[in-house]
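J.: In our numbering, the protein residues as written are 102 to 206.
Sharing a structure with you now.
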Amino acid sequence: MKLIYTHENRFLVGNAHNILEQAGIRVVWKNEFASSAIGEISPFDTWPELWVVDDADYDQATTIISSALSKPNAPEWVCKSCAENNDAAFELCWNCQTEKMETAQ
Ligand SMILES: [Zn+2]
102 MKLIYTHENR FLVGNAHNIL EQAGIRVVWK NEFASSAIGE ISPFDTWPEL WVVDDADYDQ
162 ATTIISSALS KPNAPEWVCK SCAENNDAAF ELCWNCQTEK METAQ
């Protein structure tokens with residue numbers, strides 16, 4: 102397994118997870134629930150991590166993540182369910198997991 106993505110915001114990691122699963126790449130969480138047991142551990146050590154199960158998928162996963170997370174011209178979208186702003190790369194609302202509503206642009 103290889104680490105593909107980590108971020109202090111678990112919702113961003115969750116969206117990366119969704120993007121990769123939709124691409125057919127098997128990924129697993131690590132530290133998903135660490136934030137509930139911080140204690141003596143520094144916050145950095147409790148960031149959720151996303152790992153690619155099959156090393157052969159790593160290069161493709163890197164490409165998918167980097168392209169999904171770097172769309173400077175894509176507008177953010179507002180969740181129709183909870184009105185949170187979401188990055189254009191994400192297909193699900195980070196807050197309530199509602200699917201992105203397709204709109205003409
Ligand atoms: Zn929402």
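Backbone N, C-alpha and C define an ideal beta-carbon position, used for all residues, glycine too.
(1) Have a look at ASN187 and LYS181 and give me their C-alpha separation to the nearest angstrom.
(2) Closer than 8 Å: is that where the CB of GLN123 sits relative to any heavy atom of ligand 1?
(3) I'd like to confirm something about ASN196: is its beta-carbon nearer than 8 Å to some heavy atom of ligand 1, or not?
(4) Give me the Cβ distance between ASN116 and PHE191, rounded to the nearest whole Å; I'm assuming they're in contact under 8 Å.
(5) Can you tell me whether ALA184 sits near ligand 1, meaning its C-beta is under 8 Å from at least one heavy atom of the ligand?
T.: So, from the data block:
(1) Straight-line Cα distance between these residues: approximately 11 Å.
(2) The beta carbon of GLN123 sits no closer than 8 Å to any heavy atom of ligand 1.
(3) It does: the Cβ of ASN196 is within 8 Å (strictly closer) of some heavy atom of ligand 1.
(4) The C-beta distance from ASN116 to PHE191 rounds to 4 Å, short enough to meet the 8 Å contact threshold.
(5) Relative to the non-hydrogen atoms of ligand 1, the Cβ of ALA184 comes within a distance shorter than 8 Å of at least one.
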